[in-house]
Amino acid sequence: MIVAALAIHHSRRMNMDLVQTSQMQGNVPVTVFHIQDRINLSNYKLMEDAAKQAYENGTRDLVIDLSKTDSLTSIGIRALVAIYKLLGTDGGKHLKLAGVIPPMREMFNVAGITGFIEIYDTVDEAVASF
Numbered sequence: 700m701i702v703a704a705l706a707i708h709h710s711r712r713m714n715m716d717l718v719q720t721s722q723m724q725g726n727v728p729v730t731v732f733h734i735q736d737r738i739n740l741s742n743y744k745l746m747e748d749a750a751k752q753a754y755e756n757g758t759r760d761l762v763i764d765l766s767k768t769d770s771l772t773s774i775g776i777r778a779l780v781a782i783y784k785l786l787g788t789d790g791g792k793h794l795k796l797a798g799v800i801p802p803m804r805e806m807f808n809v810a811g812i813t814g815f816i817e818i819y820d821t822v823d824e825a826v827a828s829f
């Protein structure tokens, strides 16, 4: 029982640390989400909620840094699309991805994500693109 409680606490703590946020200034102010783990069914909502909160606080341009993410399930892709729609209500491209590993980039190509979300090698390049 104690082990199970510790595992649940550890899992919640890991999920709370999924999204680390920073601010950068390019041509416009940009919020950067540094994702610290894989995105899956157990934690995708944290990323969506962080984006909603940032949007409510005035964020209009967002870079999601996936350089520390080694996998993403289909629910993670769905979360990215939901964030894209949240930020793109004016028809602009306000979500960019950075630090995407080659296998994940290929998955984004196959899924058609690269047709509407731009991917950059680095956060700095993504920020400069706004």
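The letter at position 61 of the sequence shown is residue 760 when you use our numbering, and the numbering goes up by one with no holes. For glycine and all other residues, C-beta sits at the position ideal for the given N, C-alpha and C. Treat the numbers as computed from the prediction; the structure is a model and nothing was measured.
Supposed contact pair residue j and residue i - C-beta distance, whole angstroms, cut 8 Å
| i | j | result |
| --- | --- | --- |
| I718 | L745 | Inspection of the sequence shows that residue 718 is occupied by Val rather than by Ile. V718 to L745, Cβ: 6 Å. Contact. |
| N739 | G775 | 6 Å |
Own chain, CB closer than 7 Å to residue i, minus 5 neighbours either side, in chain order
| i | result |
| --- | --- |
| A781 | E747 |
| R804 | I818 |
| A827 | G725 |
| D716 | Q735 |
| R737 | T768, D769, S770, L771 |
For residue j and residue i, the rounded distance between their alpha carbons
| i | j | result |
| --- | --- | --- |
| L765 | F829 | 18 Å |
| L794 | D760 | 6 Å |
| N742 | F732 | 14 Å |
| A817 | A797 | Note that residue 817 corresponds to Glu in the displayed sequence, not to Ala. Going by the C-alpha atoms only, they are around 9 Å apart. |
| T788 | Q735 | 27 Å |
| E824 | K751 | 24 Å |
| A749 | E755 | 10 Å |
| I800 | M723 | 22 Å |
| L779 | T730 | 15 Å |
| T821 | L771 | 18 Å |
| I812 | T768 | 17 Å |
| G757 | S773 | 28 Å |
| M806 | I763 | 16 Å |
| L785 | A753 | 11 Å |
For residue i: DSSP bridge partner residues
| i | result |
| --- | --- |
| A797 | D764, Y819 |
| L771 | I738 |
Residues near residue i in its chain [Cβ-Cβ closer than 8 Å; skip 5 each side]
| i | result |
| --- | --- |
| F815 | Y783, K792 |
| R777 | Y743 |
| A810 | I776 |
8 Å Cβ cutoff, residue i in contact with chain C
| i | result |
| --- | --- |
| D769 | Structure shown: chain C not included; a single protein chain is present. |
Close-in-space but distant-in-sequence residues of the same chain around residue i (CB under 6 Å, 5 per side omitted)
| i | result |
| --- | --- |
| S721 | V731 |
Alpha helix (DSSP H) segments (min. 4 residues) lying fully within the segment 713-748: Runs of the alpha helix (DSSP H) inside the segment 713-748: none found.
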